[in-house]
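**Student:** Numbering (my numbering), first residue to last: 6 to 155. Just so it is clear, CB atoms sit at the ideal spot from N, CA and C, and this is done for glycine as well. These numbers were taken from a predicted model, which means no experiment stands behind them. The following block contains the structure, expressed as structure tokens.
Structure follows, in structure tokens:
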């Protein structure tokens with residue numbers, strides 16, 4: 006499923022947004038995709054994971070996404086990690102790490118999702134480093150496409 010999240014991140018880059026993409030699946034079937042819309046919507050909460058959760062909730066007609074798993078091209082920030090928890094997703098799989106986003110110039114809160122979920126007693130399963138190199142390479146694609154010189 007990570008290749009679909011990567012494709013969503015590339016759609017984000019093409020749309021002039023930042024290089025983050027997500028996919029939610031249930032039973033091996035894609036429920037929803039999402040990518041960043043922060044600048045387009047002038048909404049600092051419109052991260053790929055939040056957009057994907059919103060899309061999945063609309064598609065399924067519920068805010069309870071038990072039985073679903075989210076794939077994200079980057080380790081979710083604390084806001085997105087919380088949204089994943091509140092949506093009752095079974096698992097989050099991610100590629101690039103917070104350190105990769107930070108190295109690309111993003112102002113990440115450097116609080117790992119593992120710490121957030123451990124301290125918050127969340128039962129969301131975490132799968133790390135899924136296609137990490139390919140996901141981290143999205144930052145370079147974004148820099149080239151946007152002319153960012155971070």
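Going by DSSP, what residue range makes up the beta strand (DSSP E) through residue 133?
**Tutor:** For the purposes of this step, residue 133 is taken as residue 128 along the chain shown, with counting starting at 1. Note, residue 133: premise wrong, no beta strand (DSSP E); not H, not E.
**Student:** Which full runs of the beta strand (DSSP E) of 3+ residues lie inside the region 39 to 75, going along the chain?
**Tutor:** Runs found: none.
**Student:** Considering only C-alpha positions, which residue in the set 36, 14, 11 is nearest to residue 94?
**Tutor:** In the chain shown, residue 94 corresponds to position 89, counting from 1. Out of 36, 14, 11, 36 has the C-alpha closest to the C-alpha of residue 94.
**Student:** Which whole-angstrom value is the C-beta distance of residue 42 and residue 26, which I expect to be below 8 Å?
**Tutor:** As a first step, residue 42 is located in the chain shown; it is residue number 37 there, counting from the start. As a first step, residue 26 is located in the chain shown; it is residue number 21 there, counting from the start. Wrong, their Cβ atoms sit about 11 Å apart, outside the cutoff.
**Student:** Taking the Cβ atom as the reference point for each residue, do residue 79 and residue 101 lie within a distance shorter than 8 Å?
**Tutor:** Stepping through the chain shown from its first residue, residue 79 is reached at position 74. Stepping through the chain shown from its first residue, residue 101 is reached at position 96. It is a contact, given that the beta carbons lie within the stated cut-off.
**Student:** Among the residues of its own chain, which have a CB less than 6 Å from the CB of residue 9, if the five just before and after it don't count?
**Tutor:** If you number the chain shown from 1, residue 9 lands on position 4. Closer than 6 Å at Cβ, skipping near neighbours: 28.
**Student:** Suppose you measure from the CA of residue 92 to the CA of residue 49; what does that come to, to the nearest Å?
**Tutor:** Walking along the chain shown from the start, residue 92 turns up at place 87. Walking along the chain shown from the start, residue 49 turns up at place 44. The straight-line gap from Cα to Cα measures roughly 19 Å.
**Student:** Take residue 74 and list the residues in its own chain whose beta-carbon comes closer than 6 Å to its own, dropping the five residues that flank it on each side.
**Tutor:** Residue mapping note: residue 74 aligns to position 69 of the chain shown, counting from 1. If we look at residue 74 and ignore the five residues flanking it on each side, its Cβ neighbours are 30, 95, 96.
**Student:** Ignore the nearest five residues each way along the sequence and tell me which others in residue 76's own chain have a CB closer than 6 Å to its CB.
**Tutor:** Walking along the chain shown from the start, residue 76 turns up at place 71. Only 6, 7, 10, 28, 98 meet the Cβ criterion.
**Student:** For residue 132, count neighbouring Cβ atoms within 10 angstroms of its own Cβ and tell me buried if that reaches 16, exposed if not.
**Tutor:** Along the chain shown, read from residue 1 onward, the residue named residue 132 stands at position 127. It is exposed - the Cβ of residue 132 has fewer than 16 other Cβ atoms within 10 Å.
**Student:** Taking 8 Å as the threshold (C-beta atoms), are residue 89 and residue 83 in contact?
**Tutor:** Mapped onto the chain shown, residue 83 falls at position 78. Mapped onto the chain shown, residue 89 falls at position 84. No, the Cβ-Cβ distance between residue 83 and residue 89 is not below 8 Å.
**Student:** As a quick exercise: from 19, 71, 13, 53, pick the residue whose alpha carbon is nearest that of residue 32.
**Tutor:** As a position in the chain shown, residue 32 is number 27, starting the count at 1. Of 19, 71, 13, 53, the residue nearest in Cα terms is 71.
**Student:** Beta-carbon separation of residue 119 and residue 18 under 8 Å?
**Tutor:** Position 114 of the chain shown, counting from 1, holds the residue named residue 119. Position 13 of the chain shown, counting from 1, holds the residue named residue 18. No, these two residues do not count as a Cβ contact at 8 Å.
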